[in-house]
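First to last, the sequence lines map onto chains A and B.
Per the numbering used here, the very first residue in the first sequence carries number 23; after that it's consecutive.
Per the numbering used here, the very first residue in the second sequence carries number 23; after that it's consecutive.
Just so it is clear, CB atoms sit at the ideal spot from N, CA and C, and this is done for glycine as well.
Written out below as structure tokens is the structure these notes cover.
Protein chains: 2
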Amino acid sequence: MTTLTSMRTHHPPPLPPPLPPLCPPNYLQYYNRYLSHGEVRVFKPHGMAAHLFIEMGTYRGGPRSFSIVGLASKPIDIFHHPPYACEWISRGGGGGGGGSSEAAAPVVVKGEVHKILPDWNYGRLYTVVVLTCKFKEDVGTDKSGGDLVLYASYGDKYREPERIVVFTEVKDEYNATLFNTPFPYDYVYCGSSIYGDVSPQRMREWMAYHANFFGNRSHFFFHDSGGFHDDVRRVLEPWVKQGRVTIQNIQQQEIYDGYYHNQFLVVNDCLFRSRFLANWTFFFDVDEYMYVNPATTLSAVLEQDKNVTQITFEQVPISNEICIRDNSTNDYSRKWIFEKLVYRKVLKRGIRYDRKYAVQARHVEATGVHMSMNMLKGKNLYVKGDQIRYYHYHGTLDKRSEVCKHFVDPRNKTEVVTVQHENHRIDETMFEIVAPTKQYELETIGNLPTII
Amino acid sequence: MTTLTSMRTHHPPPLPPPLPPLCPPNYLQYYNRYLSHGEVRVFKPHGMAAHLFIEMGTYRGGPRSFSIVGLASKPIDIFHHPPYACEWISRGGGGGGGGSSEAAAPVVVKGEVHKILPDWNYGRLYTVVVLTCKFKEDVGTDKSGGDLVLYASYGDKYREPERIVVFTEVKDEYNATLFNTPFPYDYVYCGSSIYGDVSPQRMREWMAYHANFFGNRSHFFFHDSGGFHDDVRRVLEPWVKQGRVTIQNIQQQEIYDGYYHNQFLVVNDCLFRSRFLANWTFFFDVDEYMYVNPATTLSAVLEQDKNVTQITFEQVPISNEICIRDNSTNDYSRKWIFEKLVYRKVLKRGIRYDRKYAVQARHVEATGVHMSMNMLKGKNLYVKGDQIRYYHYHGTLDKRSEVCKHFVDPRNKTEVVTVQHENHRIDETMFEIVAPTKQYELETIGNLPTII
Numbered sequence: 023m024t025t026l027t028s029m030r031t032h033h034p035p036p037l038p039p040p041l042p043p044l045c046p047p048n049y050l051q052y053y054n055r056y057l058s059h060g061e062v063r064v065f066k067p068h069g070m071a072a073h074l075f076i077e078m079g080t081y082r083g084g085p086r087s088f089s090i091v092g093l094a095s096k097p098i099d100i101f102h103h104p105p106y107a108c109e110w111i112s113r114g115g116g117g118g119g120g121g122s123s124e125a126a127a128p129v130v131v132k133g134e135v136h137k138i139l140p141d142w143n144y145g146r147l148y149t150v151v152v153l154t155c156k157f158k159e160d161v162g163t164d165k166s167g168g169d170l171v172l173y174a175s176y177g178d179k180y181r182e183p184e185r186i187v188v189f190t191e192v193k194d195e196y197n198a199t200l201f202n203t204p205f206p207y208d209y210v211y212c213g214s215s216i217y218g219d220v221s222p223q224r225m226r227e228w229m230a231y232h233a234n235f236f237g238n239r240s241h242f243f244f245h246d247s248g249g250f251h252d253d254v255r256r257v258l259e260p261w262v263k264q265g266r267v268t269i270q271n272i273q274q275q276e277i278y279d280g281y282y283h284n285q286f287l288v289v290n291d292c293l294f295r296s297r298f299l300a301n302w303t304f305f306f307d308v309d310e311y312m313y314v315n316p317a318t319t320l321s322a323v324l325e326q327d328k329n330v331t332q333i334t335f336e337q338v339p340i341s342n343e344i345c346i347r348d349n350s351t352n353d354y355s356r357k358w359i360f361e362k363l364v365y366r367k368v369l370k371r372g373i374r375y376d377r378k379y380a381v382q383a384r385h386v387e388a389t390g391v392h393m394s395m396n397m398l399k400g401k402n403l404y405v406k407g408d409q410i411r412y413y414h415y416h417g418t419l420d421k422r423s424e425v426c427k428h429f430v431d432p433r434n435k436t437e438v439v440t441v442q443h444e445n446h447r448i449d450e451t452m453f454e455i456v457a458p459t460k461q462y463e464l465e466t467i468g469n470l471p472t473i474i
Numbered sequence: 023m024t025t026l027t028s029m030r031t032h033h034p035p036p037l038p039p040p041l042p043p044l045c046p047p048n049y050l051q052y053y054n055r056y057l058s059h060g061e062v063r064v065f066k067p068h069g070m071a072a073h074l075f076i077e078m079g080t081y082r083g084g085p086r087s088f089s090i091v092g093l094a095s096k097p098i099d100i101f102h103h104p105p106y107a108c109e110w111i112s113r114g115g116g117g118g119g120g121g122s123s124e125a126a127a128p129v130v131v132k133g134e135v136h137k138i139l140p141d142w143n144y145g146r147l148y149t150v151v152v153l154t155c156k157f158k159e160d161v162g163t164d165k166s167g168g169d170l171v172l173y174a175s176y177g178d179k180y181r182e183p184e185r186i187v188v189f190t191e192v193k194d195e196y197n198a199t200l201f202n203t204p205f206p207y208d209y210v211y212c213g214s215s216i217y218g219d220v221s222p223q224r225m226r227e228w229m230a231y232h233a234n235f236f237g238n239r240s241h242f243f244f245h246d247s248g249g250f251h252d253d254v255r256r257v258l259e260p261w262v263k264q265g266r267v268t269i270q271n272i273q274q275q276e277i278y279d280g281y282y283h284n285q286f287l288v289v290n291d292c293l294f295r296s297r298f299l300a301n302w303t304f305f306f307d308v309d310e311y312m313y314v315n316p317a318t319t320l321s322a323v324l325e326q327d328k329n330v331t332q333i334t335f336e337q338v339p340i341s342n343e344i345c346i347r348d349n350s351t352n353d354y355s356r357k358w359i360f361e362k363l364v365y366r367k368v369l370k371r372g373i374r375y376d377r378k379y380a381v382q383a384r385h386v387e388a389t390g391v392h393m394s395m396n397m398l399k400g401k402n403l404y405v406k407g408d409q410i411r412y413y414h415y416h417g418t419l420d421k422r423s424e425v426c427k428h429f430v431d432p433r434n435k436t437e438v439v440t441v442q443h444e445n446h447r448i449d450e451t452m453f454e455i456v457a458p459t460k461q462y463e464l465e466t467i468g469n470l471p472t473i474i
């Protein structure tokens, strides 16, 4: 599949260090006032606490709009409400169609910026911003190319804005057909930032299951913020080679203190990356397994109502330590996670359990970890768990040893099991899918080692 | 008096712009990790939202301690709790006494930093910090000179601390006698940041009154954050020339968004500036007038209890518009503020009215606008208003026109006057002091113009 490369998405060119030289903010000549009288006090600054704006990626949304995903200094946003501005600078001829393709004076077209802060105020030094830049006319559709410029300001009277070229389209790059159906995939998976000491076996199992679940008209984006060590990459490599998986190396964002490995930034970047790749984009974690009732199909569930552009899924929380004793062995390590952890927590009234979701990415303006609050079109369906749900194997991903700790006598397996003051009941739904999953894996990528 | 210059206080040398070159924070070689695999995403930073640390001043507190007053990035402080470190680098010989005075290898003595955040969480981009650096032994007391170095850190694993030389003592500068009584003054006045379109007449009146109130063993520090325009400086000039007044030009701090013209920063800087200049330092505004019951004296009030090192004063809020009609004139502009505004608000139960205060600066570690929360020794006396209090002429300082708006018939002057739903009663206490004040002014500095 060449689709990923034909859809060229724009992010800053991946240059290695050293760091770009930083110019101090160009404070206006306010200083001159201070020389005139009195005992002049100098307030000597040191170091740099935070940048004003950090680009992650910019994506064209259509003939006259773009989405810019980044981080902004949180206190400046809160206290100064700094305005943003954007403009398109055509490479030649004009913003829209027509005109000769010979070199002409660049034309500047001013756009309007709509700012969204999608991270629920979780940001620390930085807050995630999604900026939608819209023009009143088509820009660059004559394929002459151009630059999208963002002005990020400080919101005070002392500093000029930062002028940032966030997107560059070269001559003939613009391709109108990319923005319309049909899309190259049915489904795209967008994962959150993955960090920590991840168990390769857990990734292997999840990958095999979901490659099968979504089928081969699907693509998976993972975001490595430190979790994808050598052994994890080894079990994913066959899928990468088959073009099913892309691992985005986002380790550099660790130095910018947004929130929790900048997960809100990452899901938004992936949202736009996926926008014209597939009809539906799924957002859930790699310790969560999607499940569809075999009486229906994933496609039927998603298409049940044309007005529905977002669907949120119920969670089945699974105990990460209760297993059924297998009298034939003491070694549970070769059993897959959804083969041996088969006890679900009994849900309590009045408690809000997390949900995950899928959206039609082109119909939302920004997104979050559990849902999109910025729908442009259509409605959100909180679908019933009997149709579709997900199984959450919380606390298993970075477990580098046997997970089974509490064993149930198989003769009593249907009884309530109480562990750590929580009641559990058996749910062998996922157990049924183990054999087909292993078979699918063998057929698709062959043998893999088991590395816990 | 040469005392102000003999007590050399340390703040960054008053160099004019251009800005010091800023080096980007020296991120550790974390970047190298990102090159190794996957689709590498670059997070391109732009601009600088805020500095890590901004020095205002550093003051020696004694043979083995110093106080550093500055601003720190607020989100870094809140989320990273960055540690501070300090050390003394002697110019030669050693930290303490003894040793030859010939050039010797510099000796580094590590101190301990105690951090105080005195601004009640009001900070926006910056929070005020007062750092007390203490050593286990005397430093620099051999008069060999030295540097005090502060390390301000980022509190993350990616950035090295900023090394800041905050204080330099030259050979023979150290003077042990400065830290002990007797002090050159009885009283020092520390004013908050003054901004806006200040009425010169109001400053003239306040100055004459308080120069008289505190007597000539007193000194006044004003802090100009934009309010001391030409005409204001004109009416203060005679006092400046007599050495009674110092105007600190703090306009540069306006570019750093702390809180309210960085007033918490300013009062702390002045606290330390005043520490060994006078027994008592007063903190109140230039629309507030101190008053002592003539049956006693200011000195007697302050010295009533040797254990009292801080005294807070009750406020008498004065209406800024009620005057007694003077049938002999229509022009009230030549009457002084405390001559014509003679109606006090009737205080309501259950409402907390602001107080102002005086401290023995050497007995507190940091301070605030209404009191010090960081007393090292002694106790705080909430003194009764009959002994000492202050009259607050709120809303008169930047009034560039006649303040009197509501006139009371002199025959009814003792009745309750209700204006804007607030009750007022006459209080002519300050009126009694107008004549002596004007006389004192004439005798001390001669005639001044009346510029509203």
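CB contact below 7 Å: residue i versus chain A
i: B:G116; result: Bear in mind that a pLDDT of 46 at B:G116, under 50, signals an unreliable position, so the number given afterwards is only what the model happens to contain. So, not an interface residue.
i: B:D246; result: yes
i: B:T80; result: no
i: B:G60; result: yes
i: B:T389; result: no
i: B:T268; result: yes
Cβ of residue i within 7 Å of any chain B Cβ
i: A:Q264; result: no
i: A:D169; result: no
i: A:G249; result: no
i: A:N271; result: yes
i: A:I186; result: yes
i: A:Q274; result: yes
i: A:L490; result: Residue 490 of chain A is absent from the structure shown; chain A starts at 23 and stops at 474.
i: A:T149; result: no
i: A:Y180; result: yes
i: A:R30; result: For A:R30, the predicted structure reports a pLDDT of 46, less than 50, and the residue's modelled location is therefore unreliable. A value from the coordinates is still provided. Judged by the 7 Å Cβ criterion, A:R30 is not in contact with chain B.
DSSP three-state assignment for residue i, whether helix, strand or coil
i: B:Q270; result: strand
i: A:G116; result: Residue placement at A:G116 cannot be trusted, given a pLDDT of 46 that sits under 50; what the coordinates show is reported in the next sentence. In the structure shown, A:G116 sits in coil (DSSP, three-state: anything other than H, G, I, E or B).
i: B:N469; result: coil
i: A:R422; result: coil
i: B:W110; result: strand
i: A:F429; result: strand
i: B:Q495; result: Here chain B comprises residues numbered 23 to 474, so residue 495 of chain B is not present and cannot be evaluated.
i: A:E276; result: helix
i: A:Q461; result: helix
i: A:W228; result: helix
i: A:T436; result: coil
i: B:L44; result: Its pLDDT being 43, under 50, B:L44 is placed unreliably in this model, and the value from its coordinates should be taken loosely. Here B:L44 sits in coil by DSSP.
i: B:V456; result: helix
i: A:V405; result: coil
Where the beta strand (DSSP E) containing residue i begins and where it ends
i: A:M312; result: E310 to V314
i: A:S95; result: S87 to S95
i: B:L172; result: G168 to A174
Start-to-end residues for the alpha helix (DSSP H) that takes in residue i
i: B:I19; result: There is simply no residue 19 of chain B to check, as chain B begins at 23 and stops at 474 in what is shown.
i: A:L258; result: D252 to K263
Discussion item. Using a Cβ-Cβ cutoff of 8 Å, what residues of the stretch 62-77 of chain A are near chain B? List them in chain order.
Written reply: V62, R63, V64, F65, K66, P67, H68, G69, M70, A71, A72, H73, L74, F75, I76 and E77
Discussion item. Please identify, using Cβ separations under 7 Å, the residues of the stretch 90-114 of chain A that lie next to chain B, in order along the chain.
Written reply: S95, K96, P97, I98 and F101
Practice prompt. Decide yes or no for the touch test of the stretch 317-332 of chain A against the stretch 422-433 of chain A: beta carbon pairs closer than 8 Å, at least 3 of them.
Written response: no
Worksheet item: Are the stretch 308-320 of chain B and the stretch 404-413 of chain B in contact at 8 Å, needing three or more beta carbon pairs?
Response: yes
Worksheet item: With a cut-off of 8 Å, do at least 3 Cβ pairs link the stretch 436-451 of chain B to the stretch 181-198 of chain B?
Response: no
Worksheet item: Would the stretch 143-153 of chain B and the stretch 283-298 of chain B be scored as touching if the rule is three or more Cβ pairs under 8 Å?
Response: yes
Practice prompt. Report yes or no: do the stretch 270-278 of chain B and the stretch 365-379 of chain B share at least 3 C-beta pairs separated by less than 8 Å?
Written response: no
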